[in-house]
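Q: What follows is a single structure, and I will ask about it in a moment.
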Amino acid sequence: MTPVPARRHRRLQALAAVVIAAVSALAAAPWLEPRAGDLALVLAPSPETAVADQIVVAAITEETLAGFPYRSPIDRAFLAGLIERLDAAGARTIGLDILIDQPSDQQKDARFFQALDASATPVVLALATRDHGLTDRQADYVARAIAPRPAGLIALARDEIDGVLRHLPGARPGMATFAQVLAGAGPEMPSGRILYSRAINDASPFPLYPAHLIAQLPDDWFAGKVVLIGTDLPTIDRHPTPMTTLDGSAAGTLPGVVIHAHILAQALAGLSLRPLSPLAVGIAILVAAILAAVAFSTRAAPRHLVLGLALTLVAYLAVAGMLIARAGILPPLIAPPLAAVVAGGLVALARWRADHADRSFLRHAFARYVSPSVVERIASGRLQLALGGEKREVTYLFTDLEGFTSLSERLPPNEVADLLNGYLDRMCDLITEHGATIDKIIGDAVVCFFGAPDNDPDQADHALALALALDAFAETHRARLLEEKGIALGVTRIGVHRGEAVIGNFGGRRFFDYTGVGDTVNTAARLEGANKYLGTRILVSETVARDGAAACVLRPAATLVLKGRASALACFEPRPAEDAQAEWLATYDAAFARLDAHSEEAQAAFEAVLALKPDDPLAHLHLERLRRGEEGATLTLGGK
68 MTPVPARRHR
78 RLQALAAVVI
88 AAVSALAAAP
98 WLEPRAGDLA
108 LVLAPSPETA
118 VADQIVVAAI
128 TEETLAGFPY
138 RSPIDRAFLA
148 GLIERLDAAG
158 ARTIGLDILI
168 DQPSDQQKDA
178 RFFQALDASA
188 TPVVLALATR
198 DHGLTDRQAD
208 YVARAIAPRP
218 AGLIALARDE
228 IDGVLRHLPG
238 ARPGMATFAQ
248 VLAGAGPEMP
258 SGRILYSRAI
268 NDASPFPLYP
278 AHLIAQLPDD
288 WFAGKVVLIG
298 TDLPTIDRHP
308 TPMTTLDGSA
318 AGTLPGVVIH
328 AHILAQALAG
338 LSLRPLSPLA
348 VGIAILVAAI
358 LAAVAFSTRA
368 APRHLVLGLA
378 LTLVAYLAVA
388 GMLIARAGIL
398 PPLIAPPLAA
408 VVAGGLVALA
418 RWRADHADRS
428 FLRHAFARYV
438 SPSVVERIAS
448 GRLQLALGGE
458 KREVTYLFTD
468 LEGFTSLSER
478 LPPNEVADLL
488 NGYLDRMCDL
498 ITEHGATIDK
508 IIGDAVVCFF
518 GAPDNDPDQA
528 DHALALALAL
538 DAFAETHRAR
548 LLEEKGIALG
558 VTRIGVHRGE
568 AVIGNFGGRR
578 FFDYTGVGDT
588 VNTAARLEGA
598 NKYLGTRILV
608 SETVARDGAA
618 ACVLRPAATL
628 VLKGRASALA
638 CFEPRPAEDA
648 QAEWLATYDA
658 AFARLDAHSE
668 EAQAAFEAVL
678 ALKPDDPLAH
688 LHLERLRRGE
698 EGATLTLGGK
């Protein structure tokens with residue numbers, strides 16, 4: 068039974084974890100939740116589904132401005148002509164997202180206001196006030212310009228933290244927003260997120276035409292539609308949107324007129340995406356932190372706790388996705404999961420510090436001498452540090468670097484060390500990445516095995532994948548050294564064999580290795596050496612080929628009688644999976660099958676292989692054997 072002080076200590080730790088997690092999540096929420104909400108837009112209903120054909124944007128571009136005598140204010144005569152053209156085309160409403168805040172040429176101004184008054188199509192003007200940065204003179208001119216005409220506030224709601232336009236702009240007493248007036252809505256605009264829509268191929272979800280080309284376009288492109296007139300210029304009236312999070316800064320920075328089009332589409336479709344209240348967010352954070360702290364305070368297995376937490380978070384996010392997609396509610400997506408992870412992590416950390424101090428010592432004591440998987444078994448108590456071993460089904464892999472001894476005699480010692488360490492470092496990384504245990508490193512040779520200390524039912528597949536990965540690295544490394552430093556590094560030869568071996572701690576009481584002994588180990592070493600005779604880089608035995616080959620192609624190399632073995636062993640060369648359909652490989656398989664047949668037929672078959680792949684070492688080997696009068700696939704090797 069756990070002592071009362073210990074239980075009380077754990078409860079205090081859990082309470083502290085809840086407080087820290089809740090405070091951390093609340094502090095991070097203003098920074099993280101808006102960006103998570105950006106990603107949630109892919110789940111939110113799209114306004115353009117219902118109103119895709121109701122909104123058009125007439126964009127004043129740099130090409131448009133190039134035809135004017137001055138850039139600002141935008142030519143009022145041109146605007147007048149544009150309004151007249153859209154009116155004649157039968158537009159439903161025209162929205163002018165251009166602030167009329169100063170006089171221009173008197174005649175052009177007169178024509179502009181005349182076009183406004185004469186238009187049968189309602190024209191909604193842009194409204195701004197001193198609160199939006201206008202001078203007294205500008206504000207007065209705007210008031211006079213819009214006095215008898217419909218107008219809406221064009222100010223957009225910018226996020227105070229990162230400046231992104233995420234939320235619907237709010238109306239003011241007596242002043243509706245631009246989108247409200249265009250949509251014919253009442254003075255109250257619902258709060259919440261702007262439901263930006265992502266069109267296919269990152270195109271605008273709304274038809275967007277250069278304003279100077281409108282006169283040349285068909286009437287039915289504008290008839291019955293709301294047409295927004297505004298600028299699409301590189302440096303003016305462009306704003307970051309949530310699309311910046313989704314598509315990058317370039318695609319996510321939109322002209323103000325396009326943002327108004329998104330808001331208008333949302334108003335016309337009657338859709339909203341409302342965040343929860345701060346109180347509801349705080350409650351969700353607190354509940355998540357408490358549940359995680361309580362769960363991680365139990366004695367359940369850590370992997371079960373982590374899995375349970377992960378499944379719970381996935382379920383929470385799934386429910387959140389349903390609320391976004393179906394109810395138009397945006398729950399906090401980051402803060403509650405963050406609180407749960409922090410609270411659970413802090414409690415788990417406290418447990419780990421209490422339970423694993425001795426294991427930490429063992430890890431540090433043995434990490435330099437045995438492989439990481441062995442260290443974990445030692446630390447967890449599953450591997451006893453006693454002499455002796457056990458018989459296991461394992462797959463051994465031997466590598467050797469051809470000619471390194473002679474190469475090292477020609478290079479300075481420090482260069483030899485750097486060269487060898489760089490080579491072995493990556494070789495060992497690949498070995499551990501593929502789940503093998505490193506047995507030993509002898510000079511430039513590396514020995515490793517699968518199947519111990521932990522069982523590996525797919526060890527043959529894993530060994531084949533590792534052999535191909537080691538070979539690919541070694542060949543790339545050779546080419547790079549030759550090109551960059553002029554150093555001709557030798558070929559890395561690899562041998563792989565599967566069978567029974569005695570695996571365990573062998574040595575004395577003070578110094579020992581976790582290694583294997585037996586015929587399986589010796590055979591793998593012999594196969595590595597046989598590569599030199601066959602001209603191959605990788606050889607695997609039939610026991611590996613029988614149970615592996617999931618991710619590669621195995622072609623028969625020879626049946627070898629190795630030194631120290633009475634029986635012959637069929638051997639294969641693994642090839643990358645992309646060679647499976649190669650004509651030369653199919654031709655080789657057919658030629659190999661004829662080795663026991665008439666020598667002339669077999670010779671012709673291998674000559675056909677070399678016609679397709681002149682550098683194939685196995686085809687050369689067997690052709691030379693046949694020419695010497697040898698038959699069959701069996702070779703007797705007396706060396707290593």
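So the mapping is simple: the numbering used here equals the position in the sequence shown, first residue as 1, plus 67. Using N, Cα and C, we set each Cβ at its ideal position, and we do this for glycine too.
Excluding the 5 residues flanking Y436 on each side, which residues of the same chain have their C-beta closer than 6 Å to its C-beta?
A: The residue you call residue 436 lines up with position 369 of the sequence shown. Confidence in Y436 is poor, its pLDDT being 42 and thus under 50, which makes the residue's placement unreliable; the coordinate value appears in the next sentence. Excluding positions up to five away in sequence, the list is empty.
Q: Using a threshold of 8 Å, state whether the C-beta atoms of P641 and L533 are closer than that.
A: One-based indexing of the sequence shown puts residue 641 at position 574. One-based indexing of the sequence shown puts residue 533 at position 466. For P641 and L533, no; Cβs fall outside 8 Å.
Q: Pick out whichever of Y581, V558, N589 has its Cα sitting closest to the Cα of K599.
A: For this step, residue 599 is matched to residue 532 along the sequence shown. Closest by alpha carbon: V558.
Q: V231 by DSSP, collapsed to three states: which one?
A: The residue given as residue 231 occupies position 164 in the sequence shown. Coil.
Q: Ignoring anything shorter than 4 residues, give me the alpha helix (DSSP H) runs that lie fully in the segment 570 to 640, in order along the chain.
A: Correct list: 586 to 601, 609 to 614.
Q: Which same chain residues end up closer than 7 Å to D656 when comparing Cβ atoms and leaving out the 5 residues on each side of it in sequence?
A: As a first step, residue 656 must be located in the sequence shown, where it is residue number 589. For D656, where only same-chain residues beyond five positions count, the Cβ hits under 7 Å are R622.
Q: Between the segment 280 to 289 and the segment 177 to 190, can you find at least three pairs of beta-carbon atoms closer than 8 Å?
A: With the cut-off at 8 Å, the segment 177 to 190 and the segment 280 to 289 do not touch.
Q: Here's a check: name, in chain order, each residue in its chain whose Cβ is nearer than 7 Å to the Cβ of P277, leaving out the five neighbours to either side.
A: To locate residue 277, count along the sequence shown from 1; it is residue 210. Counting only Cβ-Cβ distances below 7 Å, and skipping sequence neighbours, we find A126, T128, E130, T131.
Q: Note down, in chain order, each residue of its chain lying with its Cβ closer than 6 Å to the Cβ of L468, except the 5 sequence neighbours on either side.
A: Counting from one through the sequence shown, the residue named residue 468 turns up at place 401. Within the same chain, L468 has close Cβ partners D511, G557, T559.
Q: Taking contact to mean at least 3 C-beta pairs separated by less than 8 Å, is the segment 457 to 466 in contact with the segment 566 to 574?
A: Touching, yes, given that three or more Cβ pairs across the two stretches are closer than 8 Å.
Q: Cutting at 7 Å between CB atoms, please list the residues of its own chain near A591, excluding the five before and the five after it.
A: To locate residue 591, count along the sequence shown from 1; it is residue 524. If we look at A591 and ignore the five residues flanking it on each side, its Cβ neighbours are Y463, L464, F465, G562, V563, H564.
Q: Given G696, which residues of its chain have a CB within under 8 Å of its CB, disregarding the five upstream and five downstream residues?
A: For this step, residue 696 is matched to residue 629 along the sequence shown. Excluding residues within five positions, the ones whose Cβ falls inside 8 Å are S666.
Q: Taking CB distances under 8 Å as the criterion, tell me whether A624 reaches chain C.
A: The structure shown contains no chain C; it holds only a single protein chain.
Q: Return the residue from the list P399, T365, L594, Q648 that minimises the CA-CA distance to L380.
A: By 1-based counting over the sequence shown, the position of residue 380 is 313. Considering only alpha carbons, the answer is P399.
Q: Helix, strand or coil: which one does DSSP assign to R661?
A: Here residue 661 corresponds to residue number 594 of the sequence shown, with the count starting at 1. The answer is coil: DSSP assigns R661 none of H, G, I, E or B.
Q: If you drop the 5 nearest sequence neighbours on each side, which residues of the same chain put their C-beta closer than 7 Å to that of G699?
A: As a position in the sequence shown, residue 699 is number 632, starting the count at 1. Only L662, D663 meet the Cβ criterion.
Q: My output table needs one value for I350: the three-state DSSP class, helix, strand or coil.
A: As a first step, residue 350 must be located in the sequence shown, where it is residue number 283. Here I350 sits in helix by DSSP.
Q: Which one or two residues does DSSP pair with Y463 in a beta bridge?
A: Reading the sequence shown from its first residue, position 396 is the one you call residue 463. Bridge partners of Y463: F516, H564.
Q: How long is the line joining the alpha carbons of P342 and D646, rounded to whole angstroms?
A: In the sequence shown, residue 342 corresponds to position 275, counting from 1. In the sequence shown, residue 646 corresponds to position 579, counting from 1. Going by the C-alpha atoms only, they are around 55 Å apart.
Q: Just to confirm before moving on: does the CB-CB distance between D62 and P101 stay below 8 Å?
A: Residue 62 cannot be examined here, being either before or after the span of the chain that is shown, 68 to 707.
Q: Does the distance from the CB of K507 to the CB of D586 come in under 8 Å?
A: In the sequence shown, residue 507 corresponds to position 440, counting from 1. In the sequence shown, residue 586 corresponds to position 519, counting from 1. Not in contact: K507 and D586 (Cβ atoms no closer than 8 Å).
Q: DSSP state of A125, grouped into three classes?
A: Translated into the one-based positions of the sequence shown, residue 125 becomes position 58. In this structure, A125 counts as strand in the three-state DSSP scheme.
Q: Per DSSP, what kind of secondary structure is H306 in: helix, strand or coil?
A: By 1-based counting over the sequence shown, the position of residue 306 is 239. Correct three-state label for H306: strand.
Q: CB L335 to CB G259, shorter than 8 Å?
A: Taking the sequence shown and counting its residues from 1, the one referred to as residue 335 is at position 268. Taking the sequence shown and counting its residues from 1, the one referred to as residue 259 is at position 192. No, they are not a contact pair.
Q: When the Cα of L149 is compared with those of R370, V124, E668, which residue comes out closest?
A: Here residue 149 refers to the residue found at position 82 when the sequence shown is read from its first residue. Among R370, V124, E668, the Cα nearest to that of L149 is on V124.
Q: Put A193 into one of helix, strand or coil per three-state DSSP.
A: Residue mapping note: residue 193 aligns to position 126 of the sequence shown, counting from 1. In the structure shown, A193 sits in a strand (DSSP, three-state: E or B).
Q: How about Q169 and Q121: are their beta carbons less than 8 Å apart?
A: Counting from one through the sequence shown, the residue named residue 169 turns up at place 102. Counting from one through the sequence shown, the residue named residue 121 turns up at place 54. The answer is no: Cβ separation not under 8 Å.
Q: What span of residues does the beta strand (DSSP E) with L163 cover, start to end?
A: Residue numbering aside, residue 163 sits at position 96 when the sequence shown is read from its first letter. L163 -> beta strand (DSSP E) spans 160 to 163.
Q: Please state whether DSSP places E697 in a helix, a strand or coil.
A: Indexing the sequence shown from 1 puts residue 697 at position 630. In the structure shown, E697 sits in coil (DSSP, three-state: anything other than H, G, I, E or B).
Q: Please classify M389 as buried or exposed, where buried requires at least 16 other C-beta atoms within 10 Å of its C-beta.
A: Within the sequence shown, numbered from 1, the residue matching residue 389 stands at position 322. Burial call: exposed.
Q: Taking contact to mean at least 3 C-beta pairs separated by less than 8 Å, is the segment 357 to 376 in contact with the segment 294 to 309?
A: Verdict: no, contact absent.
Q: Does A133 pass the burial test, meaning 16 or more other C-beta atoms within 10 Å, or should it be called exposed?
A: The residue given as residue 133 occupies position 66 in the sequence shown. A133 is exposed by the Cβ-count criterion.
Q: Could you give the C-beta distance for L652 and F673, rounded to a whole number, given that I count them as a contact under 8 Å?
A: For this step, residue 652 is matched to residue 585 along the sequence shown. For this step, residue 673 is matched to residue 606 along the sequence shown. The pair is not a contact, with the Cβ atoms about 13 Å apart (cut-off 8 Å).
Q: What does the alpha-carbon distance come out to for the pair G566 and V588?
A: As a working mapping, residue 566 is identified with position 499 in the sequence shown. As a working mapping, residue 588 is identified with position 521 in the sequence shown. Looking at the two C-alpha atoms, the distance is approximately 9 Å.
Q: Take A669 and list the residues in its own chain whose beta-carbon comes closer than 7 Å to its own, dropping the five residues that flank it on each side.
A: Taking the first residue of the sequence shown as position 1, residue 669 is located at position 602. Closer than 7 Å at Cβ, skipping near neighbours: A658, R661, L662, L693.
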